Structure formats: structure tokens, C-alpha cells
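Chemist: Dropping a structure here in C-alpha cells format, bear with me for questions.
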Amino acid sequence: MIGQKLRAGDNHESRLHAVLHEELDLDKAQEAQIDRLESEFAERRKLLDGRLRQANAQLAQAIEREHTYGPAVERAVDQSHMAMGELQKATLRHVFSMRAVLRPDQARRFDSAVAHALTTPPEE
């Protein structure tokens, strides 16, 4: 999931951040726009991460109560998936909003970095 693949602090996110800020030769206006977008997304992400943690806590409680894949566990799984989906959608909107700031040559390199982040297995 892109929301997990591009998580803050994650190696893939760090690599994407490095490409964006160190390898694309952004001009000052682009830097300012992207900094604003990143700041706005950081706030949105906190909210979405909180929702995901809450959904996972509800899942844990349902598992402790039912000790089987019962109706409460199923509802909690659905809530967790909804929270993950919202994070994924928000992350994609953020990626595309940053891409919109880039010149075509920069966008091609950014696209390659995004594809690499999504297809490279995590380091263990």
C-alpha cells in the first residue's frame, strides 16, 4: 500500500524525499510550494495515522472479546481497511500535488522514484 510504502521515516519515503529535494534541481518557487504541501500533508497524515491506530485498537479489542473471526472482528477489519484506504488516497493526492509543481523533466525522474519506492521490497 502506498500509504505504508511512503511512510515518514521509511527508507522509501526517505529516498523519495532525497530525490525530490536533492536530485531534481528545484527552483526557489518549487521548493516553497513543495515545503507548503509537505507541511499540509504532515498535518493530514497525523489525523489519518490516528484513525488507523484507533481502528487497530478496536480490532485488538474485538479479537480479545471474540477469540475467533466473528462479527465484531469482521467489522473492525473493515474499519481498519477503510482507515488504510483513506491514508492511501491522501498519500496519492499528496504525491500528485507535488508532481504538479515539477517541470516535465523533473516529473519523469520523480515518477521513476515513486515507482521504485512502490516496487522495491522493504529492507529487513
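Positions in the sequence shown are counted from 1; adding 4 to them yields our numbering.
Just so it is clear, CB atoms sit at the ideal spot from N, CA and C, and this is done for glycine as well.
All figures in this text were calculated on a predicted structure; none of them were measured in a lab.
#1: Straight-line CA distance for R112 to L28?
#2: Note down, in chain order, each residue of its chain lying with its Cβ closer than 8 angstroms to the Cβ of I6, except the 5 sequence neighbours on either side.
#3: Select from G74, L20, H21 and L30 the residue whose C-alpha is nearest the C-alpha of D109.
#4: For a test of your reading of the model: does the CB of A76 fall under 8 angstroms from any non-hydrogen atom of the ligand FMN? Yes or no.
#5: Report the residue ranges of all alpha helix (DSSP H) runs contained in full by the region 51-82; include only those spanning at least 4 residues, in chain order.
#6: Are the beta-carbon atoms of A66 and G74 separated by less than 9 angstroms?
#7: Between which two residues does the alpha helix (DSSP H) containing A133 stretch?
#8: Rounded to the nearest angstrom, what separates Q58 and K50 at their Cα positions?
Modeler: Result, derived from the coordinates:
#1: Straight-line Cα distance between these residues: approximately 10 angstroms.
#2: Since pLDDT at I6 reaches only 49, below the 50 mark, its modelled position is unreliable, and no value is offered.
#3: L30
#4: Looking at this structure, you won't find the ligand FMN or any other ligand, since it has none at all.
#5: No alpha helix (DSSP H) of 4 residues or more sits fully in the region 51-82.
#6: Contact flag set, yes.
#7: Since the first and last residues shown for the chain are 5 and 128, residue 133 lies out of range.
#8: 12 angstroms
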